[in-house]
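Engineer: Residue numbers (the UniProt record's numbering): 1 to 488. From the three backbone atoms N, C-alpha and C, an ideal C-beta is built for every residue, glycine too.
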Ligand code: 5AD
Ligand code: SF4
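1) Do three or more CB pairs link the segment 310 to 320 to the segment 285 to 295 at distances below 8 Å?
2) Is the beta carbon of residue 93 within less than 6 Å of some heavy atom of the ligand 5AD?
3) Going along the chain, which residues of its own chain have a beta-carbon closer than 6 Å to the beta-carbon of residue 353, five neighbours each way excluded?
4) Could you name the residues that DSSP lists as bridge partners for residue 198?
5) Report the CB separation of residue 178 from residue 148 in whole angstroms; it is logged as a contact under 8 Å.
6) Under 7 Å, do residue 406 and residue 373 count as touching if we go by C-beta distance?
7) Comparing the CB of residue 98 with every heavy atom of the ligand SF4, is any distance shorter than 6 Å?
8) Are the CB atoms of residue 8 and residue 193 within a distance shorter than 7 Å?
9) Since residue 379 contacts residue 351 with CB under 8 Å, what's their CB separation in whole angstroms?
10) At what residues does the beta strand (DSSP E) containing residue 381 begin and finish?
11) Please state the DSSP three-state secondary structure of residue 168.
12) With C-beta atoms as the reference, is residue 453 less than 7 Å away from residue 308?
13) Measuring straight from C-alpha to C-alpha, what distance separates residue 451 and residue 428?
14) How about residue 214: is its Cβ closer than 6 Å to a heavy atom in the ligand SF4?
15) Ignore the nearest five residues each way along the sequence and tell me which others in residue 426's own chain have a CB closer than 8 Å to its CB.
16) Should residue 476 be counted as a contact of the ligand SF4 given a C-beta to heavy atom distance under 6 Å?
17) Check whether the segment 100 to 113 and the segment 138 to 158 are in contact - that is, three or more C-beta pairs closer than 8 Å.
18) What is the DSSP secondary structure of residue 35, counted as helix, strand or coil?
19) Compare the C-alpha of residue 282 against each of 105, 33, 174 and 245 and name the closest.
20) Is it buried or exposed, residue 318, if we count other Cβ atoms within 10 angstroms and call 16 or more buried?
21) Judging by CA-CA distance, which residue of 284, 36 and 135 is the nearest neighbour of residue 198?
22) Using CA atoms only, rank isn't needed, just tell me which of 48, 88 and 134 is closest to residue 219.
23) Where does the unbroken alpha helix (DSSP H) through residue 135 begin, and where does it stop?
24) Comparing C-alpha positions only, which one of 131, 258, 262 and 433 sits nearest to residue 470?
25) With a 10 Å radius around its C-beta and 16 neighbouring C-beta atoms as the bar for buried, classify residue 98 as buried or exposed.
26) Hey, how far is the Cα of residue 42 from the Cα of residue 248?
27) Which of the three DSSP states is assigned to residue 231 in this structure?
28) Does DSSP classify residue 461 as helix, strand or coil?
29) From residue 342 to residue 444, what does the alpha carbon distance come to, in whole angstroms?
30) Specify, as a first and last residue, the run of the beta strand (DSSP E) that residue 309 falls within.
31) Near residue 212, what residues of its chain come up, given a Cβ to Cβ distance below 7 Å and the 5 sequence neighbours on each side ignored?
32) Does the count of Cβ pairs from the segment 23 to 31 and the segment 153 to 161 closer than 8 Å reach three?
33) Pull up the distance between the alpha-carbon of residue 138 and that of residue 47, whole angstroms please.
34) Verify the contact flag: residue 410, CB atom, against every heavy atom of the ligand 5AD, threshold strictly below 6 Å.
35) Over the uninterrupted alpha helix (DSSP H) stretch that includes residue 219, give me the two end residues.
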C-alpha cells in the first residue's frame, strides 16, 4: 500500500470510538488522533512543529528510521536536521561500545536544548534500548527522556506518542515499552524514503546465529522472514513510486524463507524480485558465508539485475578464532566460496567485515586474517576493533588482548585494506559503467554523485535532472574509494 492509500484509510477512521484491536488499523487510529492534536498545536504556537530523527548504526536502523519518519510526517511534523526541534528521536545502535557512548553524549547535550524548550519531546529507540542495563541507566541519569521503545514495536510509534501528548495520566511519566522478542510483523504502515529512486526493503528480521561476540541476536530477537508476497507487493509499490534500485535487508539473507510455513529459498525470492518490471537493480545484505548456497552463486552469474557486489563478512581468517566466534566455516571454506563467486561473476566487487582483537587472538591468528585479505583482495573492508558486549559468550572469555597490541594490528590491517582497495579501484579506470545518479555533490554543485553496479561512488559533471536515472559514465580517475568520471 502506498502513502496515498494509507491516507485514504486514515480518513475513514472514527476517533470518537475506542481504538481498534487489530494492526495496522489501531495505529491508523492513533495517527488520526495525533493529526487533530497537531492542528491545535500549530494554531497555539503559530508555526509548524518540527521533528529530528537521528540514526546510529546499520542499514536496518536506517530503514527503521524511514518508518518512524513516515509516521511522523503523516501526523504532520516537519522533518528537520537540527536537534533543536519539538520532537527528537535517537534510533540507537549497540553493536560496539562506542555506539552507546555517542548516544549518552548526545543525550547530555539534548538536556540543554530542552531547558530552552520545555515542551520538547525526547524519544529513544533501537538496539541499545533492548538492554535492561541501558534502560536502568537512562531512568536514573537522563530524566529528560520521555519515551523509550525497542526494536520490536516501532509500529506502535503513534500509540506511544499519543499516550505522551493526549493521555494526562501518562504524560508526566517516562513511557517505557520494550519487548523482549516478537513473532509479529506489522505491514502497511507509512514509510518516508530518504531517496525517491532507491529503497531498502526488509526481507527478514532478527538473527539466529549467535556469533559469540555479537549482541544483535539478543537485541533484534529470533529470525523472522516476511512472506514473499508481502515483499513483492512492497517492491511493486515502490517501483510504481519511482524506485529503480532495492537493497534487500536481513542479518543473514542466505537463510531467508527457511522458517516460513511455505519455505522458499533466498535465490527463489531473488528470481521473483527480478521479474518485477521497471525495477533495474537489486542489492542485498548481509550474506553469512555459512549459508551461501551454490544455487545463489549460480544465479548471480545469470541475473541481469543483481548488482556486481557482495558483502561477505569474514570476521577472522584464523580457523581457531572462527570456531571460537561460532562462525561455522573455515578459512579454506571461505576462500573456496570466493573462488566460486569469482568464477560465476568474474568482476564482482567483494566487501567484508573484519574484527581485530577477538579474545585470545595471537599474532599467528592475525597473520591468517591478513593472508585472507591479501588473497581475496577486497574492494572494501570494514575493520572493527573487538568490543566486549556484556551478555555475549565472548565477553566471558579470558585472554582479552592488550589494547596497544590490538591498535597496532588494526593499523596494519587498515593500511593493507586501503592499499588493496586503491589497487582494485584503479583497475577500472578507463571503463564505462552504468551509474545510478543519487545527488548533487556536497562540495561542488556542478557535479553529481552516483554509484556503479559495484557500489563505487563516482562524481561527474551533471545537474539535478539526472538524479534517479541510470547513465553511462566513463571512470576517468580513481581516488582510492571513489572516481572522477564524465558522461559517456
Ligand atoms: N566488536 C566488534 N565488532 C563487532 N561486530 C559485531 N559485533 C562486534 C563486536 N562485539 C562487527 C562484525 C559485524 C559488523 C556489523 O559489526 O564485524 O559483521
Ligand atoms: Fe551478529 Fe553473527 Fe547475527 Fe551477524 S550473523 S548479526 S555477526 S550474530
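Structural biologist: Let me spell this out:
1) yes
2) no
3) 313 and 382
4) 245
5) 7 Å
6) no
7) no
8) no
9) 6 Å
10) 380 to 385
11) helix
12) yes
13) 14 Å
14) yes
15) 478
16) no
17) yes
18) helix
19) 245
20) buried
21) 284
22) 134
23) 132 to 141
24) 433
25) exposed
26) 38 Å
27) helix
28) strand
29) 37 Å
30) 309 to 311
31) 324, 325, 326, 392, 393 and 394
32) yes
33) 31 Å
34) no
35) 216 to 220
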